[in-house]
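**Q**
Here it is as structure tokens:
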């Protein structure tokens, strides 16, 4: 029988082998005493199995509250556990409950993080996965050998439909590939969803007729499920190509339902992510998280950015970008959405460390607050990426291009 | 315009007022430079507002990674923030993205936890909330002035439908009020969902005909949305009264969709909760969490238990029980599901600290592994609660009742 594998980073004041056995037990038979009916054969077939155990460093203090034992130190380790797929079939929420469920509650651990997971090949027959991914995203908006350049409508909230449409118009004239609603923007009195889609899509269609280029706009459909379906329909009717979902706020089941429709690229916003990831020894790491989102069918997923305005390290961002671009079942790479405080200056380090242009590079203020206007803002980003790919430094690129030079002057800290 | 209020527990090495302003800014206008179109009037109308700020203790070290400033200490504080409901309307996922969203990513904080929230009364016109809650749950299974006594099918996985049905039969004969699938149990080859419901409901209906008592069984419908709908239908067709959803694995949007059907009591399992709550300065506290689940319409919600086998403190469990039993819009108390290592011995402290019998008291091994059999296990739990309510001690209760005395002998540590 095929098995699902999961790798955890753990910390415990107990014997590590004992703690790993508790982990496996909780996530299969799961009670504090043996009960009638729990035969050895049954355990053999359904019990989670500890596959590997690697001791790491020892900490003096517990990373999160748990059982402390006077005089004991806290051993860290990597543990690999597996389950027969018989345990959950092809059921994404039950898979998540198995991989994450009550594990974080176990007092024997003073730290537990899901690092990565592996599902067997048979999953591809049951999960259609991302329909578009990075290839389909780039194709849809006519971008070839460079990153898609994107921006976010700011201010996040408060603009009328016509103000937003005017902004979209100037962004399109500026040469943008991708625009998105802010995740705080749903359907508001000042900007009802349907009107916003109509107002914006008219401009996008006009531009497509004139230039052949269809700019991708990610409308935020995050809502209850019937509303999401209705909003999805509106985008399709108006000829849009993309919908955005705040995947953590909406949840996996509803996200998958919308992804399964397959008519629109799904832009997955991971807001709320910090809660699940910021502590080094609690929660889930991105390589595991993005696989769950891929099983749901998300095409684009936020990864933060190099030298971002948030707390995340560049190393972590690089790992995230790479994990999106690693095939899961073959030819199904998803689009890493690089954003947060980006203005073009980070293109050099981003390219140096990832060696790819298969990404969506988002700049908010970096475009709209460019001293020479939004068009120069978009041009500057393209110049930065061209320079980065050609192996130029930031300074060399700035010396060649006026628009990028103005970005450097305004945004470089 | 009505406003939503949220209370955060924060930690920062910066000036707290500045950090609070960053929080409010990120969750409304949200970019790192001012952009054209962001007028003062617009800010006034849509900006989040810092309502209150209370300084607490000072820590020497940051609780989670963030900006550290050499020589600076880390001030903790409570911050109350509010938003106009114009910002998100009556959209639960966008509300969550606003309350939690990117906040956890902000490097100015070395700790941030959502403690509580308040929504205006108008929400009750848009969210039908829990249809049954604690009152409807007790009424459905004919329990009056004592807690509902429940148990979980164990082993969690691996039993055939007929084995499970036999176990259910003996539990019903033992006098149980409530039984649930384990959260790791979905639809498996050895126990297909539809067959399981049919096999179990036949026994429950039989018993109802004979005795008039309809035992509540929470079938785990957690799955993708179409499957959940189908499974819900099966339970309704077979005359069942309850469905269980792993709310974190399934997500808010799909959970609400199922709750909105209103034909079954929804048992909300919070597995995965530890990830969101275990760190004292990261994530969300139960009083806020249960309100979001109530807006989705969940009727019963896990709260762990006194002297549980997990890491959580008794104080936290007591707060959780009380928050479930506090009306949100009036007469809408939900059912706290007390479980984890419970065997009856904890009834005394649970009652002493909560003064309520409005709860579902779950024991797994405490019933099935009772030395005199499951019937004695259920009886012992009822004896324990009767003793607790009458003001007896554990010892006094054990002296009066043979079954409870046997529990004490086997389970008391």
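Protein chains in written order, with the numbering used here: chain A, 45 to 457; chain B, 45 to 457.
Glycine included, each C-beta is placed from N, C-alpha and C at the ideal position.
1) Quick check on residue 326(A): buried or exposed, where buried means 16 or more other Cβ atoms within 10 Å of its Cβ?
2) What are the boundary residues of the beta strand (DSSP E) that includes residue 122(A)?
3) When the Cα atoms are used, what is the spatial distance from residue 298(B) to residue 341(B)?
4) From the DSSP output, in three-state form, read off residue 373(A) for me.
5) By DSSP's criteria, residue 391(B) is part of a beta bridge. Which residues make up the other side?
6) Taking contact to mean at least 3 C-beta pairs separated by less than 8 Å, is the stretch 240 to 260 of chain A in contact with the stretch 270 to 285 of chain A?
7) Is there a Cβ of chain B sitting closer than 8 Å to that of residue 345(A), yes or no?
8) Round the Cβ separation of residue 126(A) and residue 49(A) to the nearest angstrom and send it over; I've been treating them as touching at under 8 Å.
9) Give me, in chain order, the residues of the same chain whose beta-carbon lies closer than 6 Å to that of residue 417(B); leave out the 5 immediate sequence neighbours on both sides.
10) Roughly how far, in whole angstroms, is the beta-carbon of residue 71(A) from the beta-carbon of residue 103(A), given that I think they are within contact range, below 8 Å?
11) Could one say the Cβ of residue 319(B) lies closer than 8 Å to chain A's Cβ atoms, at least one of them?
12) Please tell me whether residue 181(A) has its Cβ less than 8 Å away from any Cβ of chain B.
13) Got a sec: which bits of the stretch 297 to 313 of chain A sit with their beta carbon under 9 Å from any beta carbon on chain B, in order along the chain?
14) Residues in its own chain within less than 7 Å of residue 189(A) by CB, not counting five upstream and five downstream?
15) Which of the three DSSP states, helix, strand or coil, is assigned to residue 131(A)?
16) For residue 103(B), does the three-state DSSP call read helix, strand or coil?
17) If we require 4 or more residues per run, which alpha helix (DSSP H) segments fall completely within the stretch 193 to 261 of chain B?
18) Taking only three categories from DSSP, how would you classify residue 303(B)?
19) CA-CA distance, residue 110(A) and residue 338(B)?
20) Helix or strand or just coil, what does DSSP make of residue 267(B)?
21) Output, in sequence order along the chain, the residues in the stretch 266 to 295 of chain A whose CB is closer than 9 Å to any CB in chain B.
22) Let me check understanding here. Comparing Cα to Cα, which of 68(A), 377(A) and 385(A) lies closest to residue 368(A)?
23) Judging by CA-CA distance, which residue of 262(B), 316(B) and 223(B) is the nearest neighbour of residue 310(B)?
24) Let me see if you follow: with CB-CB separation under 8 Å, is residue 228(A) close to chain B or not?
25) Between 107(B), 170(B), 201(B) and 169(B), which lies nearest to residue 235(B) when the distance is taken from Cα to Cα?
26) Could you work out which residue in 251(A), 440(A), 379(A) and 306(A) is closest to residue 175(A) when comparing CA atoms only?
27) At a CB-CB cut-off below 8 Å, which residues of chain B make contact with residue 105(A)?
28) Along chain A, which residues have their Cβ under 7 Å away from the Cβ of residue 201(B)?
29) I'd like to check one pair, residue 97(A) with residue 51(A): are the Cβ atoms closer than 8 Å?
30) Under 7 Å, CB to CB, which of the residues in the stretch 134 to 145 of chain B have a partner in chain A?
31) Going by DSSP in three states, residue 408(B) sits in which element: helix, strand or coil?
32) Determine, for residue 86(B), whether the minimum Cβ-Cβ distance to residues of chain A falls below 8 Å.
33) Distance check for residue 85(B) and residue 231(A), CA to CA, integer angstroms please.
34) Which class does residue 46(A) belong to by DSSP, given the choice of helix, strand or coil?
35) Would you say residue 93(A) reaches chain B, if we count a Cβ-Cβ gap shorter than 8 Å as a contact?
**A** To lay it out plainly:
1) Residue numbering aside, residue 326(A) sits at position 282 when the first chain is read from its first letter. Answer is buried; the Cβ neighbour count reaches 16.
2) One-based indexing of the first chain puts residue 122(A) at position 78. It spans 118 to 128 - the beta strand (DSSP E) in which residue 122(A) sits, taken as one unbroken run.
3) Here residue 298(B) corresponds to residue number 254 of the second chain, with the count starting at 1. Here residue 341(B) corresponds to residue number 297 of the second chain, with the count starting at 1. If you take the alpha carbons of residue 298(B) and residue 341(B), they lie about 11 Å apart.
4) Along the first chain, read from residue 1 onward, the residue named residue 373(A) stands at position 329. Looking at residue 373(A) - three-state DSSP - the assignment turns out to be coil, as it is neither helix nor strand.
5) To locate residue 391(B), count along the second chain from 1; it is residue 347. In DSSP, residue 391(B) forms no bridge with anything.
6) yes
7) Along the first chain, one-based indexing puts residue 345(A) at 301. Answer no: the Cβ-Cβ gap between residue 345(A) and chain B never drops below 8 Å.
8) Translated into positions along the first chain, residue 126(A) becomes position 82. Translated into positions along the first chain, residue 49(A) becomes position 5. So it is a contact: roughly 5 Å between Cβ atoms.
9) Counting from one through the second chain, the residue named residue 417(B) turns up at place 373. Once the five neighbours on either side are set aside, residue 417(B) has no close Cβ partner at all.
10) Taking the first residue of the first chain as position 1, residue 71(A) is located at position 27. Taking the first residue of the first chain as position 1, residue 103(A) is located at position 59. About 24 Å; that fails the 8 Å criterion.
11) Within the second chain, numbered from 1, the residue matching residue 319(B) stands at position 275. Yes, its Cβ sits closer than 8 Å to a Cβ of chain A.
12) Taking the first residue of the first chain as 1, we reach residue 181(A) at position 137. For residue 181(A), the answer is no, since every Cβ of chain B falls outside 8 Å of its Cβ.
13) 297, 298, 299, 300, 301, 304 and 313
14) As a working note, residue 189(A) is residue 145 in the first chain. Same-chain partners within the cutoff: 401.
15) By one-based count along the first chain, residue 131(A) stands at place 87. DSSP places residue 131(A) in helix when its eight states are reduced to three.
16) Position 59 of the second chain, counting from 1, holds the residue named residue 103(B). Residue state, collapsed to three classes: strand.
17) 205 to 217 and 237 to 255
18) Stepping through the second chain from its first residue, residue 303(B) is reached at position 259. Of the three classes helix, strand and coil, the one that applies to residue 303(B) here is helix, per DSSP.
19) Within the first chain, residue 110(A) is the residue found at index 66, counting from 1. Within the second chain, residue 338(B) is the residue found at index 294, counting from 1. So the two alpha carbons sit approximately 29 Å from each other.
20) Translated into the one-based positions of the second chain, residue 267(B) becomes position 223. It is coil, neither helix nor strand.
21) 266, 267, 268, 269, 270, 271, 272, 289, 290, 291, 292, 293, 294 and 295
22) Numbered from its first residue, the first chain carries residue 368(A) at position 324. Out of 68(A), 377(A) and 385(A), 377(A) has the C-alpha closest to the C-alpha of residue 368(A).
23) Position 266 of the second chain, counted from the start, is the residue given in the question as residue 310(B). The residue with the shortest Cα to Cα distance from residue 310(B) is 262(B).
24) Counting from 1 along the first chain, the entry for residue 228(A) is found at position 184. Answer yes: the Cβ-Cβ gap between residue 228(A) and chain B drops below 8 Å somewhere.
25) One-based indexing of the second chain puts residue 235(B) at position 191. Per the Cα distances, 201(B).
26) On the first chain, position 131 is the one that residue 175(A) refers to. Here the closest residue by C-alpha is 306(A).
27) Taking the first chain and counting its residues from 1, the one referred to as residue 105(A) is at position 61. Result: empty, since nearest Cβ-Cβ is about 10 Å, beyond 8 Å.
28) Indexing the second chain from 1 puts residue 201(B) at position 157. Correct list: 72, 90 and 131.
29) Here residue 51(A) corresponds to residue number 7 of the first chain, with the count starting at 1. Here residue 97(A) corresponds to residue number 53 of the first chain, with the count starting at 1. The answer is no: Cβ separation not under 8 Å.
30) 135, 136, 137, 138, 140, 141, 142, 144 and 145
31) If you number the second chain from 1, residue 408(B) lands on position 364. Coil, per DSSP.
32) Here residue 86(B) corresponds to residue number 42 of the second chain, with the count starting at 1. Output row for residue 86(B): interface = yes.
33) Counting from 1 along the first chain, the entry for residue 231(A) is found at position 187. Counting from 1 along the second chain, the entry for residue 85(B) is found at position 41. Whole-angstrom Cα-Cα distance: 20 Å.
34) To locate residue 46(A), count along the first chain from 1; it is residue 2. Correct three-state label for residue 46(A): coil.
35) Taking the first residue of the first chain as 1, we reach residue 93(A) at position 49. Not an interface residue.
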